[in-house]
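**Student:** Pasting a structure here, questions to come.
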Amino acid sequence: MTPTAEPTLTQAVLDSFAGCPGDRLRTVMSSLVRHLHAFASEVKLSEEEWFAGIRFLTEVGQTCDDKRQEFILLSDTLGLSMLVTALNNERPPGCTEATVFGPFFVEKAPEVANGADIAQGAQGEPCYVSGHVRSLDGSPIANAQIDVWQSDEAGFYDVQYAELDQHQARARLHSRADGSFDFRSILAVPYQIPNDGPVGKMLANLARHAWRPAHLHFMIVAPGYERLITHVFRSDGPYLDSDAVFGVRPTLVADWLRHEAGVAPDGTRSDKPFYTLDYAFVLNPASPAA
Ligand code: BEZ
Ligand code: FE
878 MTPTAEPTLT
888 QAVLDSFAGC
898 PGDRLRTVMS
908 SLVRHLHAFA
918 SEVKLSEEEW
928 FAGIRFLTEV
938 GQTCDDKRQE
948 FILLSDTLGL
958 SMLVTALNNE
968 RPPGCTEATV
978 FGPFFVEKAP
988 EVANGADIAQ
998 GAQGEPCYVS
1008 GHVRSLDGSP
1018 IANAQIDVWQ
1028 SDEAGFYDVQ
1038 YAELDQHQAR
1048 ARLHSRADGS
1058 FDFRSILAVP
1068 YQIPNDGPVG
1078 KMLANLARHA
1088 WRPAHLHFMI
1098 VAPGYERLIT
1108 HVFRSDGPYL
1118 DSDAVFGVRP
1128 TLVADWLRHE
1138 AGVAPDGTRS
1148 DKPFYTLDYA
1158 FVLNPASPAA
């Protein structure tokens, strides 16, 4: 790390933590202070820049409420959320990788049976999703709890519409005895993360865009396995190499197939073209409790 311009000042702050009873808190705070001081020294932070930073963080905090978490958005757009996800979700090769949670999960999504239409009126091109939940050795995982959520074709999640009084394009279902599941929904499209606040201004100042590549969110929970929070991304869309929150992993990119109007996977006739996605999720066994 770049040495600080004021080593005795840095040391004095570190020494002030000596009485901290929590080892972990002392470790985390000491490292944070060392890196903060090294950062300010490396860029020779001006007083104006220091104050601009304070103003920016104040605005980030003031933009947060019970529906909007601008600090998480800041963490997402600086790659910190994905780094923390990666640090805490190392899995053996072959297991499905985790990615960022995002702010649009809902604790109690409508429970549906396999085959249900989870769009519930959300606008978009029809899409039929099927998949399996398996263990690393290929054995099926029955009765896994699968939460799925996505935006509509305008790029908004149901929770972003103040006037909506029911959930759309999200559901909770369970895998069958053979690990399979399926549902009907709408086609995932690229969308912009909320960018009308200070984080949006920061992105604009950095000449960065706010787009995420098209994806479906999944959270899969099964007894005896680690919880999996992930996305499946559309291979045919833009922004896979410039996701605003750095969440893309090549193993999570899948082909959504386009079909002309005709018989859909559920046996009904679709008078519009429709899409299908099939994806297998592989869960990591939970480590035995120590
Ligand atoms: C999302 O994919 O829902 C999301 C993730 C991070 C920031 C904003 C949205
Ligand atoms: Fe999303």
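In this text, residue positions in the sequence shown follow this note's numbering: the first is 878, and each later residue adds one. Built from N, CA and C at the ideal position, the CB exists for glycine as well. It should be emphasised that the depicted structure is a prediction, and the values quoted were computed from it without experimental measurement.
In chain order, what residues of the same chain have a beta carbon less than 6 Å from the beta carbon of Gly-1001, not counting five sequence neighbours either side?
**Tutor:** Setting aside the 5 residues that flank it on each side, Gly-1001 is surrounded in the same chain by Asp-1029, Glu-1030, Ile-1063 and Leu-1064, each with a C-beta closer than 6 Å to its C-beta; the list follows chain order.
**Student:** Among His-1009, Asn-965, Val-961 and Tyr-1116, which residue has its Cα nearest to the Cα of Tyr-1068?
**Tutor:** Tyr-1116
**Student:** Just to check, is the beta-carbon of Leu-957 closer than 8 Å to a non-hydrogen atom of ligand 1?
**Tutor:** no
**Student:** Tell whether a beta-carbon distance below 9 Å holds between Cys-1004 and Phe-1151.
**Tutor:** Taking 9 Å as the Cβ cut-off, Cys-1004 and Phe-1151 qualify as a contacting pair.
**Student:** Compare the C-alpha of Arg-968 against each of Asn-1020, Ser-1012, Gly-956 and Leu-1083 and name the closest.
**Tutor:** Measuring from the Cα of Arg-968, the nearest candidate turns out to be Ser-1012.
**Student:** Where does Glu-988 fall in DSSP's three states?
**Tutor:** strand
**Student:** Is His-1108 near ligand 2, going by C-beta to nearest heavy atom under 8 Å?
**Tutor:** yes
**Student:** Contact check, Phe-1058 vs Asn-991 under 8 Å by CB: the rounded distance?
**Tutor:** 6 Å
**Student:** Exposed or buried, which one is Leu-909 when buried takes at least 16 other CB atoms within 10 Å?
**Tutor:** Leu-909 should be labelled exposed.
**Student:** Within the same chain, show all residues whose beta-carbon is closer than 7 Å to that of Ser-1147, passing over the 5 residues directly before and after it, in chain order.
**Tutor:** Pro-1003, Ala-1138, Gly-1139 and Ala-1141
**Student:** Within the same chain, show all residues whose beta-carbon is closer than 6 Å to that of His-1094, passing over the 5 residues directly before and after it, in chain order.
**Tutor:** Trp-1026 and His-1108
**Student:** Once the 5 residues before and after Thr-940 are set aside, which same chain residues still bring their CB inside 7 Å of it?
**Tutor:** Glu-947, Gly-1074 and Pro-1075
**Student:** Within its chain, find whatever has a CB closer than 8 Å to the CB of Pro-880; leave out the 5 residues flanking it on each side and keep chain order.
**Tutor:** Ala-915 and Ser-918
**Student:** Using a Cβ-based criterion (distance less than 8 Å to any ligand heavy atom), does His-1094 qualify as near ligand 3?
**Tutor:** The model on display carries ligand 1 and ligand 2 but not ligand 3.
**Student:** In the structure shown, what three-state DSSP assignment does Thr-976 receive?
**Tutor:** In the structure shown, Thr-976 adopts coil according to DSSP, grouped into three states.
**Student:** Do Ser-1028 and ligand 2 come close, with the Cβ less than 8 Å from some heavy atom?
**Tutor:** yes
**Student:** If we ignore side chains and look at the alpha-carbon of each, how far apart do Ile-1106 and Met-1096 end up?
**Tutor:** 4 Å
**Student:** State yes or no: is the C-beta of Phe-981 nearer than 8 Å to some heavy atom of ligand 1?
**Tutor:** yes
**Student:** Pull the bridge partners of Pro-1003 from the DSSP assignment, please.
**Tutor:** Ile-1063
**Student:** Can you give me the Cβ contacts of Asn-1161 inside the same chain, cut-off strictly under 6 Å, excluding the 5 residues immediately before and after it?
**Tutor:** Arg-968, Cys-972 and Glu-1103
**Student:** Give me the residue from Leu-902, Leu-922, Arg-1049 and Arg-1089 with the minimum Cα distance to Gly-1032.
**Tutor:** When the alpha-carbon of Gly-1032 is set against those of Leu-902, Leu-922, Arg-1049 and Arg-1089, the nearest one is in Arg-1089.
**Student:** Any heavy atom of ligand 1 closer than 8 Å to the CB of Leu-950?
**Tutor:** yes
**Student:** Following a CB-centred definition, is Tyr-1102 positioned closer than 8 Å to any heavy atom of ligand 2?
**Tutor:** Not so, every heavy atom of ligand 2 lies at least 8 Å from the Cβ.
**Student:** Going by the C-beta, is Ile-1063 closer than 8 Å to any heavy atom of ligand 1?
**Tutor:** no
**Student:** Over what stretch of residues does the beta strand (DSSP E) that includes Val-1159 continue unbroken?
**Tutor:** 1151-1160
**Student:** Could you tell me the alpha carbon to alpha carbon distance between Glu-883 and Thr-904, rounded to whole angstroms?
**Tutor:** 21 Å
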